[in-house]
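In our numbering, the protein residues as written are 443 to 760.
Printed below as a string of C-alpha cells:
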C-alpha cells in the first residue's frame with residue numbers, strides 16, 4: 443500500500459481511460475476511487491466506461507462513484523458533436539468492452555471526495571480531468587476540504603496558447619466556468635495542467651502497434667481505442683502528428699511535479715461572454731500569496747518514456 447492516495451474525477455473518454463491505466467500502473471500511489479462527471483459522455487456513461495476499463499486492467503476492487511450530471515449553472519447536459527467525433531459516441535472509440543458486473547457505489551461522488559479528504563488528509567490528491575463541477579460542489583459543501591487535501595492537479599485551461607473550444611476557452615473549463623472559477627479562487631493547493639503542456643505530449647500508431655503486439659486483451663483493446671483517437675486527431679488537428687495525452691499527463695504531474703515547469707499565479711475563470719472559460723491571472727490578487735501552479739513547460743520525452751514503460755508493462759499482464 444502506497445502512502446499517496448489518488449481520486450480520479452473523469453468524464454471517461456479515451457484519454458481518461460489512459461489516465462486510469464497510468465494511475466493503476468504507478469506503484470508510488472494507490473488509486474482509491476474514480477468519480478464520474480460529464481463532458482466526453484454523460485455522467486452515467488462515464489461511470490460505466492470507468493468500470494469496464496478498471497475490470498479490463500484487473501482492478502475490479504477500485505470503486506466508481508456517480509457525480510453530478512450537468513454544470514452548476516444549468517439543468518441539462520448534451521454531449522457536443524466534436525466530443526463524439528474525437529472519443530466516439532460511447533466515449534471509448536466505439537470499442538465494445540465487456541460490460542462490468544459491478545455498479546457505481548451508492549455514495550455520491552461529492553460525499554466520497556469529502557470523506558476521503560477527512561480520512562487521508564494531505565496524502566490525498568484529487569485529479570479532475572473533466573469539468574470541475576464535482577470538486578466545486580464538494581468544496582461548497584465542506585469548505586474545510588481545501589485545507590485537508592494535499593493537492594489538486596487538474597487537466598484544463600490554457601494560459602499561453604489558445605483554447606480548443608473557443609479562442610480562449612479549453613473544453614473542460616468551458617463545460618462549467620463557474621465551477622472552475624470557484625475552485626481556482628479557493629484556498630486549495632492547485633496545479634493546472636492545461637493545453638500549454640498537454641499538446642506537447644503525443645502518442646502515435648508506433649506505440650499502439652507495440653501494445654497490439656503484446657497479444658493480450660488489454661493491449662489489443664487499448665490499441666483499438668487509441669487508434670480511433672489518433673484518427674480523430676488526424677482529421678481535426680493533423681499538424682500535431684499524433685494524439686495528445688491530456689489526462690495521463692495530469693496524473694503524471696500529480697505523481698512527479700518535476701515533469702513540468704510552472705509559474706505561481708492566483709487565477710480566475712471568466713464566466714461571461716465574450717471571454718467565457720478563459721483561465722487568466724486574477725488582477726485583484728496578483729500580490730497575494732499564490733495557490734495555483736500553472737504548468738508552462740513539460741519534459742515531454744521523459745514523460746512519454748515513462749508512460750510507455752508503465753502502460754506496456756500493465757498491458758502485458760492483462
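Here a beta-carbon is modelled for each residue, glycine too, at the ideal position from N, C-alpha and C.
- Residue 500 counts as exposed, since fewer than 16 other C-beta atoms from the protein chains shown sit within 10 angstroms of its C-beta.
- Proximity of the stretch 546-554 to the stretch 602-613 falls short of the contact definition, fewer than three beta-carbon pairs being nearer than 8 Å.
- Relative to residue 685, the option among 695, 677, 672 and 678 whose CA is nearest is 672.
- Take residue 623, set aside five residues on each side of it, and the residues of its chain with a beta-carbon closer than 7 Å to its own are 710, 711 and 713, in chain order.
- Contact between residue 702 and residue 734 does not hold, since their C-beta atoms are separated by about 13 Å, which reaches or exceeds 8 Å.
- If only uninterrupted beta strand (DSSP E) runs of at least 3 residues are considered, those enclosed by the stretch 579-664 are 593-597 and 632-635.
- Positions of the beta strand (DSSP E) runs, each at least 3 residues long and wholly inside the stretch 478-552, are given as 506-508 in order along the chain.
- As computed with DSSP, residue 567 is found in a beta bridge with 448 and 593.
- In the DSSP assignment, residue 723 falls within the beta strand (DSSP E) that extends over 721-723.
- Inter-segment contact for the stretch 516-526 and the stretch 470-477 is absent: fewer than three beta-carbon pairs are separated by less than 8 Å.
- Around the Cβ of residue 492, a 10 Å sphere holds 16 or more other Cβ atoms; the residue is buried.
- In the three-state reduction of the DSSP assignment, residue 473 falls in the strand class, which pools E and B.
- With respect to residue 451, residue 571 sits close: the two C-beta atoms are nearer than 8 Å.
- Residue 706 is classed as exposed because its beta carbon has fewer than 16 other beta carbons within 10 Å across all chains shown.
- Shortest Cα-Cα distance from residue 577 to any of 523, 509 and 651 involves 509.
- Residue 754 carries a helical assignment under DSSP once its states are collapsed to helix, strand and coil.
- By the C-beta density criterion, residue 683 is exposed, having fewer than 16 other C-beta atoms within 10 angstroms.
- Residue pairing of residue 739 in beta bridges, as defined by DSSP: 703.
- The C-beta distance from residue 634 to residue 614 rounds to 11 Å, too long to meet the 8 Å contact threshold.
- Per DSSP, the beta bridge partners of residue 686 are 644.
- The beta carbon of residue 618 sits closer than 8 Å to the beta carbons of 513, 514, 515, 573, 574, 575 and 578 from its chain, once the five residues preceding and following it are set aside; these are given in chain order.
- Straight-line spacing of the CA atoms in residue 524 and residue 691 works out to 22 Å.
- No Cβ-Cβ contact shorter than 8 Å links residue 502 with residue 489.
- Around the CB of residue 580, 16 or more other CB atoms lie within 10 Å, so the residue is classed as buried.
- Around the CB of residue 655, fewer than 16 other CB atoms lie within 10 Å, so the residue is classed as exposed.
- Inclusion of residue 609 and residue 636 in the CB contact set at 8 Å is not warranted, their separation being larger than that value.
- Sequence-distant partners of residue 497 (beyond 5 residues in either direction) whose C-beta falls short of 6 Å from its own C-beta, in its chain, are 542.
- With three or more CB-CB distances shorter than 8 Å, the stretch 650-667 counts as touching the stretch 525-539.
- Counted as a single uninterrupted DSSP element, the alpha helix (DSSP H) harbouring residue 458 occupies residues 456-466.
- Inclusion of residue 753 and residue 459 in the CB contact set at 8 Å is not warranted, their separation being larger than that value.
- Rounded to whole angstroms, the gap between the alpha carbons of residue 484 and residue 657 is 32 Å.
- In the DSSP assignment, residue 560 forms no beta bridge with any residue.
- In this structure, DSSP gives residue 443 a state outside helix and strand, which the three-state scheme calls coil.
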